[in-house]
DNA sequence: CACTAAGTTGAGGACAGCCTCAACTAGGCC
DNA sequence: GGCCTAGTTGAGGCTGTCCTCAACTTAGTG
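Chains as they are written, first to last, in this note's numbering: chain L, 1 to 212; chain F, 213 to 424.
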């Protein structure tokens, strides 16, 4: 995270911070596709400076959302600390969807095929925690046993488009649809599923958008 | 549909057909955002001719998908003809999702905020039939009573993004996720939902993308 | 203060897609 | 066949975004 390679001059650091802050705000409102020139303009800095600090758009996205893996980890830990396995799962999903709903950029990032620069590190730990949230709920007999990590991606995708479509009209509508999904995830609701889950390697390809 | 205003010269009709066919194919593979010049090139026709026949992109989209409302109507009618209300509902949803999965253009059209030229006519009749499919299933006690037409939109959105992400990796994965959703829609699975459904007027705004 | 390396600037080239219009071509009716 | 209008053509202007680079400015050190 803070593995600073070079000390960075004071004004340079300030400009960098201004850029990240501007990007954070614009991403949140307009999604990840904002024009880079608009970001630099909002930051009060030249477009050349933006490219100096962030050669690719992905680098900027990374800088803006570098703390999110941490946030997700905290949410996951809090969920695991909750006594009831189902409540923990619900809490986790609600918080994640909330993040999506409150930040169009994060919504894009988490659901879309975006070339991410640093795909690993704290992410992996987050995945482990998520996996434990599911396992615990399955073992407790509250989550259907055929539910897998990969199926969580579906929830993310579903919420992504819903928020995109309804966010400006009914910002909380995703809660209703998450409720529907949750009712389908309960152990008692389970009917056999037509098709096996996607495997991790396929999921990765789906996420990064390998159009093979 | 065939309310021909002017007779249209023979070569003009041929070119129009070529354009629609080219658009159909390119939309299906690449979605609704293909470059219009690529469409005209594929059709073997000048870009000027395309603009002559279809002043807006929406007009072309309309021409390509004008038959879809009809198709949906037929699917709905077939579903209503099925003796079991639940089977009918499932059949309807599976067929609709299939349409989405098999045509990226239709997937865009049905789920995204696309300015449509002709929003009405056979569509309304389709809506009525869909409404009857839901009502019948609710009355039969198999579909949860708090499920509304507007909630079907969620299913569409969810499938849209899922297909977008996984279509090239696992073209049938949507069936699994539809299965999960269906288990959440069953009357027996229902738990109270956090938030009321979106109303038709709001839904319309969400569909057309009024960013108010 | 002076000097230099680090950092900034913004005009401008490259590219992609949209759309127009004046010049051209060819159906189809007499 | 000849004519006229419907239809076609495609170069070119417009817009918006990406990205570069040579000239300039400034932080910070001795």
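We put the beta carbon where it would ideally sit given N, CA and C, even for glycine.
Near the ligand GDP: residue i beta-carbon under 6 Å from a heavy atom
i, result
"residue 129/L", "With respect to small molecules bound, the structure shown includes none, and the ligand GDP cannot be examined in it."
Closest residue to residue i among the options (Cα-Cα distance)
i, options, result
"residue 69/L", "187/L, 106/L, 53/L and 142/L", "106/L"
"residue 32/L", "180/L, 159/L, 147/L and 65/L", "65/L"
"residue 77/L", "44/L, 103/L and 129/L", "129/L"
"residue 260/F", "228/F, 346/F and 242/F", "228/F"
"residue 366/F", "112/L, 110/L and 173/L", "173/L"
"residue 336/F", "284/F, 399/F, 263/F and 324/F", "284/F"
"residue 43/L", "14/L, 29/L and 156/L", "14/L"
"residue 391/F", "62/L, 191/L and 187/L", "191/L"
"residue 272/F", "380/F, 292/F, 321/F and 360/F", "321/F"
"residue 79/L", "147/L, 144/L, 126/L and 164/L", "126/L"
CB contact below 7 Å: residue i versus chain L
i, result
"residue 413/F", "no"
"residue 417/F", "yes"
"residue 303/F", "no"
"residue 378/F", "yes"
"residue 348/F", "no"
"residue 395/F", "yes"
"residue 420/F", "no"
"residue 214/F", "Confidence in residue 214/F is poor, its pLDDT being 45 and thus under 50, which makes the residue's placement unreliable; the coordinate value appears in the next sentence. By this cut-off, residue 214/F is not an interface position."
"residue 391/F", "yes"
"residue 385/F", "yes"
Minimum Cβ-Cβ distance from residue i to chain F less than 7 Å
i, result
"residue 87/L", "no"
"residue 211/L", "Residue placement at residue 211/L is flagged as unreliable, the pLDDT there being 45, under the threshold of 50; a coordinate-derived value is accordingly withheld."
"residue 39/L", "no"
"residue 59/L", "no"
"residue 198/L", "yes"
"residue 35/L", "no"
"residue 99/L", "no"
"residue 31/L", "no"
"residue 127/L", "no"
"residue 297/L", "The structure shown does not extend to residue 297/L, since chain L is modelled only from 1 through 212, so no value can be given for it."
"residue 191/L", "yes"
Identity of the residues DSSP links to residue i by a beta bridge
i, result
"residue 143/L", "186/L"
Contact belief for residue i with residue j at Cβ below 8 Å, rounded distance in angstroms
i, j, result
"residue 388/F", "residue 20/L", "Going by Cβ atoms, the distance from residue 388/F to residue 20/L rounds to 39 Å, so no, they are not a contact pair."
"residue 362/F", "residue 409/F", "5 Å"
"residue 202/L", "residue 382/F", "6 Å"
Query raised in the report: Per the contact definition of three or more C-beta pairs closer than 8 Å, is the region 75 to 94 of chain L in contact with the region 31 to 40 of chain L?
Result: no
Report task. Determine, using beta-carbon pairs with one atom in the region 47 to 56 of chain L and one in the region 94 to 112 of chain L, whether at least three such pairs fall under 8 Å. Result -> no
**Report entry** Three CB pairs or more closer than 8 Å across the region 131 to 144 of chain L and the region 74 to 85 of chain L
**Finding:** yes
Query raised in the report: Is there contact between the region 177 to 193 of chain L and the region 218 to 225 of chain F, where contact requires at least three CB pairs shorter than 8 Å?
Result: no
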